[in-house]
Amino acid sequence: MARTNSTKTTTNDNTPMSDSLVFLQIYQRQLQFKTPVFFLSFFIFLFSGICVFSQQKLYTRDSSAYAIGDLVDGKKSGTWQFYTDSDVLLESGKFVNDVRQGEWKLFSGGRLAGEVYYEDGKPVYYKELYMNGQTSLEGKLVDGEKSGPWTTYYPMGSTKEVIQYADGKKNGLYRYFEPDGMLSLEVMYKNDSTDGVFNRYNYNRDVIEKGEFENGAKVGPWLAYDDFGQVYMESYFKNDKPDSVWREFHSNSRLSSISYYDNGIPVGIWETYYRNGQLDERKYFKDGWQDSLYYKFYDNGKQEILGHFENGLRSGLWQFYSPNGILIEEGTYKDGEEDGKWFSYYENGEIKSIGAFNDGLENGLWGLFHSNGKLMQEEEWDNGKLMNISPYVTMNGDTLQAGSLKNGVGNKINYYPNNSAEIICEFRNGIPHGKWLYYYENGTKAEEGSFINGLREGVWTYYYENGSIESQGQYKNGEKSGEWQYFDRRGNLLDKVDHDKVNN
36 MARTNSTKTT TNDNTPMSDS LVFLQIYQRQ LQFKTPVFFL SFFIFLFSGI
86 CVFSQQKLYT RDSSAYAIGD LVDGKKSGTW QFYTDSDVLL ESGKFVNDVR
136 QGEWKLFSGG RLAGEVYYED GKPVYYKELY MNGQTSLEGK LVDGEKSGPW
186 TTYYPMGSTK EVIQYADGKK NGLYRYFEPD GMLSLEVMYK NDSTDGVFNR
236 YNYNRDVIEK GEFENGAKVG PWLAYDDFGQ VYMESYFKND KPDSVWREFH
286 SNSRLSSISY YDNGIPVGIW ETYYRNGQLD ERKYFKDGWQ DSLYYKFYDN
336 GKQEILGHFE NGLRSGLWQF YSPNGILIEE GTYKDGEEDG KWFSYYENGE
386 IKSIGAFNDG LENGLWGLFH SNGKLMQEEE WDNGKLMNIS PYVTMNGDTL
436 QAGSLKNGVG NKINYYPNNS AEIICEFRNG IPHGKWLYYY ENGTKAEEGS
486 FINGLREGVW TYYYENGSIE SQGQYKNGEK SGEWQYFDRR GNLLDKVDHD
536 KVNN
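Below, the structure written as structure tokens:
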């Protein structure tokens, strides 16, 4: 009766493996025994009994697999084949004086899936195959460990990766190629970790990214280039964490952004710029959190937003301006949510709306006004729920039907300045629920559908101003779902999109 150590072992190689790599994975585990065996071939050492015939048939202890071959003076000799208990061939090769020798073939599901070459019982070469018979992986072994260049291939035969090994570990240059043979990436390895120069290339063999690794971590300056050879990003790393100054550039070489890090933590003043060189945004960081004043500008240099952050959240007074530099909205934030009085303005300075928020939700009495300063309508809110509305008054003082909304139930009508209906909508418990209709200012329908508990639900249809359908489809829980159809202004179908697939 033959025996072997059946202790389970694991590999430290975390490289993602396809189904075709199962042999290598099992082989790597078996290497730790210093007795080279592949796939289920280790069953040969677990025989519980031998029936003596001219050709021997040996079973594993649990009869889950068996082997067939010759024994000469009690030693395996000649061709041996290994099978599962359902007679599926696993591997086949020759023994010489009880030692594996020469080429051994590995099978999966009845097909040839790999080969191993032995010298005096030691594996010296390993190869895996795709379903089409092309080589997917190959390399040499020394004392049971990967050694020298190991190469992976694409299914059509072109080289995918080449990595140097020494003593079973990645040591030396790693190269990655695209299916057309273009070199895409080079990096050095040392003891299984990236260590040394890193280069990424485009199709012209120009460097588009370069940097350096140290013990698997990015260190020092890293540069990224566009296809014209211009630097578009300068970054710096310290032990794999962003550090020091980072810069990005527009295609016209002007500065796009500048930011600062301290051991991976954002600090100091961060700025972004438009292509014309105008300041776009300025923000401050403290201990990794956005803090203090916040500025945002239009590309004409006019201020767009002025606000304040505290520990990463909007806080205090925020003001918003039009491209002409006119204040159009202002109010306060607390812990990142609108809180307290908020005002919006027309560009002529007249108040457009005034009301209050409570933890980001409209609350209390809101007043809506025309650009001539006259009251348009009053709304009563209860923590984000629209409960009651007053009659709608035009700029000329005429009263229009505002809807039946009362105590959070009913419909509401919004109007354009020309007094044509803009929205006719239904509410329940103060939130959108029921049919909603939107109109263009010329009176034609713009969109229609239903809300359920504040979310768009069911069929929605969108229209062009000429009345033809622009798009149509279903909403589910506020998101587009299933097939949507899209049309041109003449009603011709342009496209069909399955949004369930798009969203996934």
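Going by our numbering, the first residue of the sequence shown is number 36, and it counts up by one from there. Backbone N, C-alpha and C define an ideal beta-carbon position, used for all residues, glycine too. No experiment lies behind these values; they were computed from the predicted model shown.
Check	Outcome
Using a Cβ-Cβ cut-off of 8 Å (strictly less than) and excluding sequence neighbours within five positions of G432, which residues of its own chain qualify?	K409
What whole-angstrom Cβ distance do K162 and L172 have, given they're in contact under 8 Å?	7 Å
Within a Cβ cutoff of 6 Å, which residues of the same chain sit near V27, ignoring the five residues on either side of it in sequence?	Look at the range of the chain in this structure, 36 to 539, and you will see that residue 27 is not part of it.
Out of D120, F142, T114, T119, which has the shortest C-alpha to C-alpha gap to K129?	T114
Pull up the CB-CB distance for W495 and G513, whole angstroms please, since I reckon it's below 8 Å.	With a Cβ gap of about 11 Å, W495 and G513 do not count as contacting.
Just to check my reading of the structure: G366 and Q338 have Cβ atoms closer than 8 Å, yes? What is that Cβ distance to the nearest angstrom?	Actually they are not in contact, since the Cβ atoms of G366 and Q338 sit about 17 Å apart, beyond 8 Å.
To the nearest angstrom, report how far apart I458 and N449 are at their CA atoms.	5 Å
I'd like the list of long-range same chain contacts for F344, defined as Cβ closer than 7 Å, with 5 residues on each side in sequence excluded.	Q325, D326, S327, Y329, S350
May I ask which residues mark the beginning and end of the alpha helix (DSSP H) holding H534?	534–538
Applying the criterion that 16 or more other CB atoms from any shown protein chain within 10 Å of the CB defines a buried residue, is M411 buried or exposed?	buried
Do G402 and S388 have their beta-carbon atoms positioned less than 8 Å apart in this structure?	yes
Check the C-beta distance from R282 over to I293 and give it rounded, since I have them as a contact under 8 Å.	5 Å
Taking a contact to mean a Cβ-Cβ separation below 8 Å, would you say E126 touches L147 in this structure?	no
Taking 8 Å as the limit between beta carbons, can you name the residues of its chain near G168, skipping five residues before and five after?	L147
Buried or exposed for V107, please, with buried defined as at least 16 other CB atoms from any protein chain shown within 10 angstroms of its CB.	exposed
Evaluate G465 with the Cβ neighbour count: other Cβ atoms within 10 Å of its Cβ, from every protein chain shown; 16 or more gives buried, anything less gives exposed.	buried
Apart from the five residues just before and just after Y473, which ones in its own chain have a Cβ nearer than 8 Å to its Cβ?	E457, I458, K480, A481, E482, E483
Could you give the DSSP three-state label for S76: helix, strand or coil?	Confidence is the limiting factor: at S76 the pLDDT is only 35, short of 50, which leaves the residue's position unreliable, though a coordinate-based value still follows. Reduced to three states, the DSSP call for S76 is helix.
So, for C86: in the same chain, excluding its five sequence neighbours on each side, which residues have a beta-carbon less than 7 Å away from its beta-carbon?	A caution first: C86 carries a pLDDT of 37, below 50, which makes its placement in the model unreliable, though a value can still be read off. Once the five neighbours on either side are set aside, the close Cβ partners of C86 are K92.
Within 10 Å of its beta-carbon, does T95 have 16 or more other beta-carbons around it, so buried, or fewer, so exposed?	buried
Does the beta-carbon of D278 have 16 or more other beta-carbons within 10 angstroms, so that it is buried, or is it exposed?	buried
In chain order, what are the residue ranges of uninterrupted alpha helix (DSSP H) at least 4 long that sit wholly in the segment 117–193?	none
Does DSSP put K204 in a helix, a strand or coil?	strand
When you compare the CB positions of F248 and V242, do they come within less than 8 Å of one another, or not?	no
Using CA atoms only, rank isn't needed, just tell me which of K110, K111, Q116 is closest to Y101.	Q116
How far does the beta strand (DSSP E) with Y329 in it reach, from first residue to last?	324–332
Going by DSSP in three states, Y381 sits in which element: helix, strand or coil?	coil
Excluding the 5 residues preceding and the 5 following D530 in the sequence, name in chain order all residues of the same chain whose CB lies nearer than 6 Å to its CB.	Y521
Taking the runs of the beta strand (DSSP E) that are 3 residues or longer, which of them lie wholly in the segment 376–463?	386–393, 396–404, 410–417, 420–424, 445–450, 456–463
Quick check on H285: does DSSP put it in helix, strand or coil?	coil
Considering only C-alpha positions, which residue in the set N454, T307, L421 is nearest to N446?	L421
What does the Cβ neighbour count give for S182, buried or exposed, with the cut at 16 atoms within 10 Å?	buried
So which of F486, N477, R463, S455 has the shortest CA-CA distance to K470?	F486
Would you mind reading off the limits of the beta strand (DSSP E) that contains T367?	362–369
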